[in-house]
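Student: In my numbering, the protein residues as written are 1 to 399.
Think of the CB as a built atom: it goes at the ideal place given N, C-alpha and C, for glycine as much as any other residue.
Okay, here's the structure, questions in a sec.
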Amino acid sequence: MQIIVHRGTHQIGGCVTEIKSEKGTRIAIDIGENLPSSDDEINLDLSIEGLTYGTPNFNAIFITHYHGDHVGLYNKVLPQIPIYMGEVSKNIYKILQTRLAKKHIISYEDLSRIDAFKTFKIPEKIKIDDITITPIEVDHSAFNAQMLFIECDGKKVLHTGDFRTHGQRGKAVISALEKYVGQVDCLICEGTTLSRDRKPPMKEFELQQKAEQIFKENKYVFVMCSSTNIDRIAAIHKATLNSHRLFVCDDYQKELLLYIDSISRSSLYKFKNRVLSYDDNILPLMQEYGFVMLVRDNYTSKQVMEFFPRSTFVYSQWDGYLDKKFKQYEHLQQFVPKQHIRLHTSGHADFEAIKSVCECVKPKILVPIHSENPSGFQDMNLENCEIKLPKDGEKINLL
Ligand SMILES: [Zn+2]
Ligand SMILES: [Zn+2]
């Protein structure tokens, strides 16, 4: 078996990893676009022979979750190559991208390519010729994100995608690995937080408690967070219910939340009876009872915010976007008031959580990806584990 990280050995996001069997079956995991950053110089274009140009020579692509840095370049893939995505992930991605197509941000041609994605259910095994893939659901800031367990040529490989263990479903990560995976020959592991400080992250549940306090103390609250960070929205929703405020969002966000409600049995995702989509008619209700409204950087959100000048603004996504060196800064600074509360916790595993995954699957070889500090894995002092630090495109043979 051969592994090639085409992109993502020394950067966060934009990852593409290839697994090739001895017989020549080739799959790629993720086809991400580079995250917006201060440095536009890194590898903006992706060109892989047999995948994005030339004669099609990959059997399939698997997408671990719907974040753009994992799926964003799907339209560069040669159309003959099937793309697989978790069923729920695909449906969320479709709701998101349909909105963008209506606003002419993406084309309807691209939308039909998303429509054509093949789907799988978790944890059903999928066979692509002599490669078997088992998706394992993990905790992340994307709903229905997966690690992929790959078996082929008598070898076992785990690709972590993006994950964390401090979210609502974090405890299930290690037990799922014990149940479905066990020891592996190679672990391809994300290390996003290894370039950051190592203090333990706030748990999503603690964030919910802090939000509840803010909502109780403030009658009119706007919260800015990613529309597809479902576990964050679930925490905000729960905090809103506990503080007896109205829970308001726009039609698109409501559609997304009702979809999650319809496919989930957990009480965490029961949005249906409480979510109100905004229109001018509910303004008197909002004034009387107080509210928590999810907003984004768009005209409607800004209009409602102007109607409530004495409101509280909670910024609940990555702080980096408020930094001058990022492209979003220009746009967001017009939107985010100077006085705002920051309430966020990472979608990525911290040092200890990454280490616990490594210790659980005891890899003989570890290949860091999705990290600006891949050599940070060396500080974990993992037993009987060789840490490879390849360059993008370098071949690793599992013998
Ligand atoms: Zn990512
Ligand atoms: Zn992600």
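What is the DSSP secondary structure of Asp115, reduced to helix, strand or coil?
Tutor: What you label residue 115 is simply residue 115 of the sequence shown in a count that begins at 1. Taken through DSSP and simplified to helix, strand or coil, Asp115 comes out as helix.
Student: Say yes only if the C-beta of Gly320 is nearer than 7 Å to one or more non-hydrogen atoms of ligand 2, and no if none qualify.
Tutor: Along the sequence shown, one-based indexing puts residue 320 at 320. Between ligand 2 and Gly320, a heavy atom-to-CB distance of less than 7 Å is absent.
Student: Between the region 375 to 387 and the region 227 to 246, are three or more C-beta pairs nearer than 8 Å?
Tutor: no
Student: Could you tell me the distance, in whole angstroms, from the CA atom of Leu283 to the CA atom of Gln97?
Tutor: Here residue 283 corresponds to residue number 283 of the sequence shown, with the count starting at 1. Here residue 97 corresponds to residue number 97 of the sequence shown, with the count starting at 1. The alpha-carbon atoms of Leu283 and Gln97 are separated by roughly 29 Å.
Student: Taking C-alpha atoms, which residue in Ile126, Gln213, Ile29 lies nearest to Ile341?
Tutor: Residue 341 sits at position 341 when you count from the first residue of the sequence shown. Per the Cα distances, Gln213.
Student: Express the C-alpha separation of His67 and Leu111 in angstroms, rounding to a whole number.
Tutor: Position 111 of the sequence shown holds residue 111. Position 67 of the sequence shown holds residue 67. So the two alpha carbons sit approximately 16 Å from each other.
Student: Which class does Ser195 belong to by DSSP, given the choice of helix, strand or coil?
Tutor: As a position in the sequence shown, residue 195 is number 195, starting the count at 1. Helix at Ser195.
Student: Using the C-alpha atoms, what's the distance from Ile233 back to Ile27?
Tutor: Residue mapping note: residue 27 aligns to position 27 of the sequence shown, counting from 1. Residue mapping note: residue 233 aligns to position 233 of the sequence shown, counting from 1. Each residue's alpha carbon lies about 34 Å from the other.
Student: Closer than 6 Å is what we want: which residues have a beta carbon that near any heavy atom of ligand 1? List them in chain order.
Tutor: Gly13, His67, Asp69, His70, Asp162, His370
Student: Which residues in the same chain have their Cβ closer than 6 Å to the Cβ of Asn397, if we skip the five residues on either side of it in sequence?
Tutor: Position 397 of the sequence shown holds residue 397. Within the same chain, Asn397 has close Cβ partners Gln2.
Student: Does DSSP put Leu246 in a helix, in a strand, or in coil?
Tutor: Counted from its first residue, the sequence shown places residue 246 at position 246. Residue state for Leu246 is assigned as strand, using DSSP reduced to three classes.
Student: Sorted by chain position, which residues of the same chain lie with C-beta nearer than 7 Å to Gly24's C-beta, five sequence neighbours on each side aside?
Tutor: Residue mapping note: residue 24 aligns to position 24 of the sequence shown, counting from 1. Here the set comprises nothing.
Student: Determine the DSSP secondary structure at Phe307, reduced to helix, strand or coil.
Tutor: As a first step, residue 307 is located in the sequence shown; it is residue number 307 there, counting from the start. Phe307 falls in the helix class under three-state DSSP.
Student: If we count the other Cβ atoms within 10 Å of its Cβ and call it buried at 16 or more, is Ser38 buried or exposed?
Tutor: As a position in the sequence shown, residue 38 is number 38, starting the count at 1. Caution is warranted here: a pLDDT of 48 is assigned to Ser38, below 50, making its placement in the model unreliable, and the coordinate value is therefore given only provisionally. Ser38 should be labelled exposed.
Student: With distances taken between CB atoms, is the gap from Phe313 to Phe215 smaller than 8 Å?
Tutor: For the purposes of this step, residue 313 is taken as residue 313 along the sequence shown, with counting starting at 1. For the purposes of this step, residue 215 is taken as residue 215 along the sequence shown, with counting starting at 1. Taking 8 Å as the Cβ cut-off, Phe313 and Phe215 do not qualify as a contacting pair.
Student: Using 8 Å as the threshold, is the C-beta distance between Asp261 and Lys272 below it?
Tutor: For this step, residue 261 is matched to residue 261 along the sequence shown. For this step, residue 272 is matched to residue 272 along the sequence shown. Yes, Cβ-Cβ distance for Asp261 and Lys272 is below 8 Å.
Student: Helix, strand or coil for Leu158, going by three-state DSSP, please let me know.
Tutor: The residue given as residue 158 occupies position 158 in the sequence shown. Reduced to three states, the DSSP call for Leu158 is strand.
Student: If you check the beta carbons only, do Thr64 and Ile188 fall under 8 Å apart?
Tutor: Walking along the sequence shown from the start, residue 64 turns up at place 64. Walking along the sequence shown from the start, residue 188 turns up at place 188. No, Cβ-Cβ distance for Thr64 and Ile188 is not below 8 Å.
Student: Would the beta-carbon of Ala142 be found less than 7 Å away from any heavy atom of ligand 2?
Tutor: Here the question's residue 142 lines up with position 142 in the sequence shown. Answer for Ala142: yes, Cβ within range of ligand 2.
Student: First and last residue of the alpha helix (DSSP H) that includes His344?
Tutor: Mapped onto the sequence shown, residue 344 falls at position 344. First-last for His344: undefined, no H or E at that position.
Student: Can you determine whether any heavy atom of ligand 2 sits closer than 7 Å to the C-beta of Gly167, and answer yes or no?
Tutor: Translated into positions along the sequence shown, residue 167 becomes position 167. No, Cβ of Gly167 sits at least 7 Å from all heavy atoms of ligand 2.
Student: Taking 7 Å as the cut-off, is the C-beta of Gly86 nearer than that to any heavy atom in ligand 2?
Tutor: Indexing the sequence shown from 1 puts residue 86 at position 86. Gly86 Cβ: outside cutoff for every heavy atom of ligand 2.
Student: Judging by CA-CA distance, which residue of Phe291, Arg245, Gly161 is the nearest neighbour of Gly347?
Tutor: Working through the sequence shown from its first residue, we reach residue 347 at position 347. Nearest of Phe291, Arg245, Gly161 to Gly347, Cα basis: Gly161.
Student: Please state the DSSP three-state secondary structure of Val181.
Tutor: To locate residue 181, count along the sequence shown from 1; it is residue 181. Note: Val181 maps to coil in three-state DSSP.
Student: Ignore the nearest five residues each way along the sequence and tell me which others in Leu294's own chain have a CB closer than 6 Å to its CB.
Tutor: Walking along the sequence shown from the start, residue 294 turns up at place 294. Hits under 6 Å: Val223, Cys249, Gln253.
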